[in-house]
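Written below as structure tokens is the structure these notes are about.
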Amino acid sequence: MEQSLPKRILRDITAVTVVAIFMFPLFWWALTSIKPMYAIFNKDEVVVFDFVPTLINYAVVLLGWSRAEIAIESGSTFGVGGTSSYDSRQTIIDSIIVAVGSTGLTIILAVLAAYALSRMRFRGREGFLNWVLGQRFLPPIAIIVPLVGMYKVAGMRDTDNLFLGYIGLIVIHALMNLPIAVLLLKSFFDDVPKDVDEAAMIDGATRWQTFLKVVLPMVRGGVAAAAVLCFIFSWTEFLLSLFLTTIIRTVPVKITTFVTSTGSEWGFISALGTAAILPGFIFILLVQRHLVRGLTLGSLKE
Amino acid sequence: MSDAAVAQSRSPGSLWPKWRWLSSEHPLPWLLPASALMIIFGIYPLLYALWLSLHKRNPVTRANVFDPDYNWMKAFGDQRVWDAIATTFLYTGIALVIQLVLGLLIALLLDSDRKGYGVLRALMTLPLVVPPAVTGMMFLLMLDGSFGVLSRSLYAVGLLSPQYPILANSSTALAGVLLADIWQWTPFMVLIMLAGLRSLPKEPFEAAAIDGATAVQAFFKLTLPMMSKVIAIAVLIRGIDLFRVFDYVKVMTDSGPGTATETLTSYSGRIYFNGDFPYASTLSLITLILVIIASSLFMKIFRVKL
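So the protein lines, in turn, are chains A and B. Using my numbering, read the first sequence as starting at 241 and increasing by one per residue. Using my numbering, read the second sequence as starting at -17 and increasing by one per residue.
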């Protein structure tokens, strides 16, 4: 249906306005991160562009500058001394290790399960699918108390052993992402005709060889999409990371510690927040095509 | 040799029939790793939570004594639990309706093949990847009572008074939290509705146009009914996630002021931090039971299958 020109222009304007409204919080957040303190905490007027941009907030959270250096820089002696608890370098490294590790683990487990669910007919198949689906909808809070107990016993909660701490979060993020990955990958395997498998097996390949050499390469795109989604969900996860470990702070957990009873350091918060959002933005643009399928657990295709 | 015989001689299972379930022909090796993860870190903790909920915690000795109905009766008589349930349902309901309606409208708006619309659709997905805790922070900053840009805009147009900052006032705090949720998850609905719209067949709409149907008629008589499956799936997935809301509440109001924004999940979290693990488990199991009842009712009534 062709629309008339005035109608089309009206639609364009509305569409741009709506998207702009949704982009505003992101814009404001990024803008706050380059504002000096006086512009953020101005109670007399809202400062939009009338400030001297600074990268000091990024220097503190990403490079570990101390507050003393900032104070000297800005010519004041206020807040000099004390180590910087806003240094987030370790946090970012922790988050990357957990997200990459859990994505890898999830994908390995999911790709195997998804292949069997897509290709084999066996007793309990429906039951297994429902189990996986149920796992997706299980509120994390329902298992958190026992998990904390288990993690304490296993030394994964509050030890000096960073490695065990990583394993703990990696495993639980993998559990959280497993249902999405399994159901999404199953829908991608379902797209590959079964004749492909049968042809390979008639040529003498075993199931395992067929899977590894023939079918898996055909769903590369799907595996990539699932991996990206797993990475994003792990990167953004808050509740499990908050409860389950005291030695590792992922980015979402760390950022909430910047809110203190004596006031919130909005400059640092928005700088780390902006840095934390960027990887997701880049990744999401890579999987645009498969996003709907991922978010609806493979039940809707684009 | 027949095909079956070829398969027989090839399968390692035929050499050692006892170990057939270990061969790649059998589903077990494929499903075992994922199952192990889900049993150890999913099923076992769930059963353990159930076991805990049947015990009474002695606050002095910190020992858990078997007392099967203590926590459940306590929850039943706890007004805060009922308030939390009411808040959770209110939150879920409001967010769901607003996100669905907004999502559908924005999807209709952005469903165009003309230049630039692809960029707009891509931009619309960005809120989805912001960590919810960060989203909470973003809105905390914008809704700050004294220098928040949103608060000040609302003061300026007279919708809000500086004496009652939105998050510090028990009658408006939930709206503040909802704002963050709606910003982050309306794009989810937009995406799914867009996918639904794009999969609709063209013919019925052409026929309707020839018969002189208006765009509004076409929407209610054709688009909505044909989209019902997509809408049901979106509502189900979003609804279940909304019901266990935690991040925004924790970050923005920490259930406050008072208990004005306390949901089941956040109440359970609070009890956990107070150290009463059996009662915290009971509350989290109540959350789970409510999710199961609500979602299975929904799936039954609207005949949805994921």
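The beta carbon of each residue, even a glycine, is placed where N, CA and C say it ideally should be.
For S250 (chain B), a Cβ of chain A is located within less than 7 Å of the residue's own Cβ. Where F58 (chain B) is concerned, the enclosing alpha helix (DSSP H) starts and stops at Y52 to F58. Residue contact check for V338 (chain A) against chain B: no CB pair falls below 7 Å.
For V139 (chain B), there is no enclosing alpha helix (DSSP H), since its DSSP letter is neither H nor E. G503 (chain A) is positioned such that its CB atom lies no closer than 7 Å to that of I280 (chain A). One Cα belongs to L179 (chain B), the other to P207 (chain B), and the distance between them is close to 12 Å. Counting other Cβ atoms within 10 Å of its Cβ, T272 (chain A) reaches 16 or more and is therefore classed as buried. Under the 10 Å beta carbon count, F403 (chain A) is surrounded by fewer than 16 other beta carbons and is classified as exposed.
Per DSSP, R39 (chain B) is one residue of the beta strand (DSSP E) stretching across H37 to R39. Sequence-distant partners of K287 (chain B) (beyond 5 residues in either direction) whose C-beta falls short of 8 Å from its own C-beta, in its chain, are M281. L270 (chain B) and T70 (chain B) have their C-alpha atoms roughly 13 Å apart. Using a Cβ-Cβ cut-off of 8 Å, M20 (chain B) is close to W371, V372, Q375, L415 and L418 of chain A, given in chain order. For N46 (chain B), the enclosing beta strand (DSSP E) stretches over residues N46 to F48. At a cut-off of 7 Å between beta-carbon atoms, F362 (chain A) makes contact with chain B. Looking from the CA of P114 (chain B), the closest CA among A:I495, A:A464, A:V411 and A:V527 belongs to A:I495.
In the pairwise beta carbon analysis, the region 240 to 253 of chain B is classified as not touching the region 90 to 105 of chain B: fewer than three pairs are separated by under 8 Å.
V301 (chain A) and Y278 (chain A) have their C-alpha atoms roughly 19 Å apart.
In this structure E244 (chain B) is buried. Its beta-carbon is surrounded by 16 or more other beta-carbon atoms within 10 angstroms.
The three-state reading of DSSP puts T43 (chain B) in coil, since its state is none of H, G, I, E or B. Counting only the Cα atoms, Y254 (chain B) lies some 13 Å from P41 (chain B). For E185 (chain B), no CB of chain A lies under 7 Å from its own CB, so it is not counted at the interface with that chain. Here DSSP, grouped into helix, strand and coil, assigns T399 (chain A) to coil. For the pair P50 (chain B) and P169 (chain B), the Cα-to-Cα distance works out to about 44 Å.
Against G24 (chain B), the close residues of chain A are Q375, L378, I383 and L415, in the order they occur along the chain (beta-carbon pairs closer than 8 Å). Ranked by Cα distance from N46 (chain B), the first of B:M124, B:K38 and B:L125 is B:K38. In this structure, the straight-line span from the alpha carbon of A382 (chain A) to that of L526 (chain A) is close to 34 Å. According to the DSSP assignment, S17 (chain B) belongs to the alpha helix (DSSP H) that extends over L10 to M20. One thing to note: P379 (chain A) has its Cβ no nearer than 7 Å to the Cβ of L479 (chain A). In terms of CA proximity to T343 (chain A), A:A465 leads the group A:S481, A:A511, A:D430 and A:A465.
In terms of beta-carbon proximity, E244 (chain B) stays away from the interface with chain A, with every pair separated by 7 Å or more.
Neighbours of K283 (chain A) across chain B, judged by C-beta separation under 8 Å: S128 and F129.
Residue state for V292 (chain A) is assigned as coil, using DSSP reduced to three classes. Interface criterion met: the Cβ of L387 (chain A) is under 7 Å from a Cβ in chain B. When CB distances to chain A are screened at a threshold of 7 Å, the residues of the region 71 to 98 of chain B falling below it are I88, L91 and L92, in chain order. Assigned with DSSP and collapsed to three states, V459 (chain A) falls in coil, not helix or strand. Counting every other CB atom within 10 Å of its CB across the protein chains shown gives D435 (chain A) a total below 16, marking it as exposed.
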